[in-house]
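Report on the structure given below.
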Amino acid sequence: MWCARQGASIWRRKAIDRFTFRTAGETHGPALVAVVEGLPAGLPVQTEDVDRELARRQVGYGRGDRMLIEKDRVEILSGVRFGKTLGGPVALLLRNLDWPNWRDKMAREGDGAGIEPLDTARPGHADLGGVLKYDHHDVRNVLERASARETASRVMAGALAKRFLRELGVAIVGHVLSIGKFRVSPRVEGNPETAARAESSSLRMADPAAEEAVVRWIDEVKEAGTTAGGVVEVIATGLPPGLGSYVAWDRRLDGRLGQALMSIHAIKGVEVGGGIGLSALPGSEVHDEVFPGPGRENLLFGKYALPFHRETNRAGGLEGGMTNGEPLVVRAAMKPIPTQSTPLRTVTVDRWEPTSAHRERSDVCAVPAASVVAEAMVAIVLADAFLEKFGGDAVRDILYNYSSYLERICGK
Ligand code: EPS
4 MWCARQGASI WRRKAIDRFT FRTAGETHGP ALVAVVEGLP AGLPVQTEDV
54 DRELARRQVG YGRGDRMLIE KDRVEILSGV RFGKTLGGPV ALLLRNLDWP
104 NWRDKMAREG DGAGIEPLDT ARPGHADLGG VLKYDHHDVR NVLERASARE
154 TASRVMAGAL AKRFLRELGV AIVGHVLSIG KFRVSPRVEG NPETAARAES
204 SSLRMADPAA EEAVVRWIDE VKEAGTTAGG VVEVIATGLP PGLGSYVAWD
254 RRLDGRLGQA LMSIHAIKGV EVGGGIGLSA LPGSEVHDEV FPGPGRENLL
304 FGKYALPFHR ETNRAGGLEG GMTNGEPLVV RAAMKPIPTQ STPLRTVTVD
354 RWEPTSAHRE RSDVCAVPAA SVVAEAMVAI VLADAFLEKF GGDAVRDILY
404 NYSSYLERIC GK
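If you read the sequence shown in the working numbering, its first letter stands for residue 4, the second for the next number, and so on.
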């Protein structure tokens, strides 16, 4: 009996972790890797699907000189044949073009003799906790893996999740809401059409006036030797009601999205829809009333219409841990990057003596890149939630399961 119960709980755990990925690599090592499991067979995948996302992550005013060296491109090593997934793990490789400049400092063999260890910890970075936790004496042993370059691997995995979601009629838009105290016009917030204009902005901001002010401010921040943070927003459209669940804490989609977004480097806060601001309002001004009849823009899977609609979306598309048929709107706040060219005070990691943090070449602002990484993480969680609800080994099975659900809830 005990064994049977154990077995059941293991099975359920697996059932909700359908789309999984693991990343490997150091920022100045030879390559970054992502291994993606759970994609159904028969999904059309081209190298270009991944490269396009990698290129989007690389741009952004305020990026450092490293981006002049790297031209991120994927090599798909397994799991795809003749442009379609086979149903097995997909291994993705991205070579670091900066690697030849770090060959000695990052050698896999030898004893590191003659390589000066880094012995100061940057406030705000993983440096200090990392040396203590892993018994390191050279801060480089921490920062190489803690670096936000790891997000390129996430974007590779997210590109496959997005490709899968496209088959299901889901579109995802990520953009920058604010950098420092400069925020885009409220017309852009939560609006996938206007937000999509961010694609042609050097800061991924869909508001040219805000963008202009931020460019000037980033120059000032750089001149002062410091860094800038901001808020990104991701909007996903074409989601049916019922992804995620209210029946168990770890199946709630808001919790799963929160974990995925909070895991991105330097993210300090996550909001869904009206978020923290909703707590200050009476319930009558918060909850999105429901009206009979299909909404104008709420078509699912290209042709199905829900028999009800809403005129507001303060819930950000989530109620009771489930999607509710409205666009999903989530936000993540990024703190300014810890690496400062005018260093902050800290201690040495050997004798805890006062010193200044080391200066690494770094970005002044990586908020535009974070908006692309946030899209990838949202896509991964949504792909997982679709597989949880409509799972099958082949894309055709999933499409069949999905359309029969839509037929039921849309009353056709
Ligand atoms: C990063 C430091 C910088 C950034 C890097 C993240 O790298 P480097 O030390 O090589 O100059 O450029 O981001 C990327 C390389 C990237 O691809 O996003 C850090 O410390 O987190």
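C-beta: ideal position from N, C-alpha, C; glycine also.
Keep in mind it's a predicted model, so treat the numbers as computed, not measured.
Worksheet item: If Pro243 and Leu303 are in contact, beta carbons under 8 angstroms, what's the gap, nearest whole angstrom?
Response: 5 angstroms
Worksheet entry | Beta bridge counterpart(s) of Tyr307 as assigned by DSSP | Leu303
Worksheet entry | When Leu309, Ala379, Arg317 are compared against Leu281, the one with the closest alpha-carbon | Arg317
Fill in: Rounded straight-line distance, which links the Cα of Gly323 to that of Trp252
10 angstroms
Worksheet item: Thinking just about the alpha-carbon of each residue, which of Lys306, Glu292, Phe85, Val332 is nearest to the one in Glu378?
Response: Val332
Worksheet item: Can you name, in chain order, every residue of its own chain whose Cβ lies under 6 angstroms from the Cβ of Arg98, other than the five neighbours on each side?
Response: Ala34
Worksheet item: What is the DSSP secondary structure of Phe85, counted as helix, strand or coil?
Response: coil
Fill in: Residue nearest to Ala129 in terms of C-alpha spacing, selected from Ala269, Gly65, Pro297, Glu214
Ala269
Worksheet item: Starting from Leu35 and walking both ways along the beta strand (DSSP E), at which residues does that stretch end?
Response: 34-40
Discussion item. Given the structure, does Thr240 come close to the ligand EPS, in the sense that its CB is under 7 angstroms from one of the ligand's heavy atoms?
Written reply: no
Discussion item. At 4 residues or longer, what runs of the alpha helix (DSSP H) sit wholly inside the stretch 65-134?
Written reply: 69-72
Worksheet item: Where Gly258 and Arg60 are concerned, what is the direct C-alpha to C-alpha distance, given to the nearest angstrom?
Response: 25 angstroms
Fill in: Rounded straight-line distance, which links the Cα of Asn327 to that of Ser111
Looking at the sequence shown, residue 111 is not Ser but Arg. So the alpha carbons of these two residues sit roughly 50 angstroms apart.
Worksheet item: Is it right to say Ala160 is buried, meaning 16 or more other beta carbons lie within 10 angstroms of its own, or is it exposed?
Response: buried
Worksheet item: Taking 7 angstroms as the cut-off, is the CB of Leu131 close to at least one heavy atom of the ligand EPS?
Response: no
Discussion item. Considering only heavy atoms of the ligand EPS, does any lie closer than 7 angstroms to the CB of Ser150?
Written reply: yes
Practice prompt. Compute the Euclidean distance between the alpha carbons of Thr240 and Pro339, then round it to the nearest angstrom.
Written response: 30 angstroms
Practice prompt. Report buried or exposed for Thr315, applying the criterion of at least 16 other Cβ atoms within 10 angstroms of its Cβ.
Written response: exposed
Worksheet item: At a cut-off of 7 angstroms, is Asp141 close to the ligand NAD when judged by its beta-carbon and the heavy atoms of the ligand?
Response: As for the ligand NAD, it is missing from this structure, which binds only the ligand EPS.
Practice prompt. Within the same chain, show all residues whose beta-carbon is closer than 7 angstroms to that of Tyr403, passing over the 5 residues directly before and after it, in chain order.
Written response: none
Item to complete: Note down, in chain order, each residue of its chain lying with its Cβ closer than 8 angstroms to the Cβ of Ala155, except the 5 sequence neighbours on either side.
Response: Leu35, Leu57, Arg60, Asp75, Leu97
Worksheet item: For the stretch 339-397, which segments carrying the beta strand (DSSP E) assignment without a break, of at least 3 residues, lie completely within its bounds, in sequence order?
Response: 348-350, 357-359
Worksheet item: Are the beta-carbon atoms belonging to Thr123 and Thr351 less than 8 angstroms from one another?
Response: yes
Worksheet entry | Reduced DSSP category for Ala11 - H, G, I as helix; E, B as strand; rest coil | Because Ala11 sits at a pLDDT of 46, beneath the cut-off of 50, its placement in the model cannot be relied upon, and the following sentence gives the value as read from the coordinates. Helix.
Practice prompt. Label Tyr405 either buried or exposed according to how many other C-beta atoms from any shown protein chain fall within 10 Å of its C-beta, with 16 as the threshold for buried.
Written response: buried
Worksheet item: From Val235 to Thr342, what distance separates their C-alpha atoms?
Response: 21 angstroms
Discussion item. Just to confirm the assignment, what range does the beta strand (DSSP E) spanning Met337 have?
Written reply: 331-337
Discussion item. According to DSSP, is Glu29 part of a helix, a strand, or is it coil?
Written reply: coil
Discussion item. Pairs of beta-carbons, one from the stretch 187-197 and one from the stretch 210-224, closer than 8 angstroms: are there three or more?
Written reply: yes
Worksheet item: Out of curiosity, what's the CA-to-CA distance linking Ala151 and Ala335?
Response: 16 angstroms
Fill in: heavy atom of the ligand EPS below 7 angstroms from Glu378 C-beta
no
Practice prompt. Report the three-state DSSP secondary structure of Glu192 (helix, strand or coil).
Written response: coil
Worksheet item: Exposed or buried, His140, counting other C-beta atoms within 10 Å across all chains shown (16 or more means buried)?
Response: exposed
Worksheet item: What residues in its chain sit with their C-beta under 7 angstroms from that of Pro357, if we drop five residues either side in the sequence?
Response: Arg348, Val350
Discussion item. Residues in the same chain with beta-carbon distance under 8 angstroms from Ala73, minus the five sequence neighbours each way, listed in chain order, please.
Written reply: One detail in the question is off: residue 73 reads as Glu in this sequence, not Ala. Cβ neighbours of Glu73 beyond the five flanking positions: Gln61, Asn99, Leu100, Asp101.
Discussion item. Rounded to the nearest angstrom, what separates Gly132 and Leu321 at their Cα positions?
Written reply: 35 angstroms
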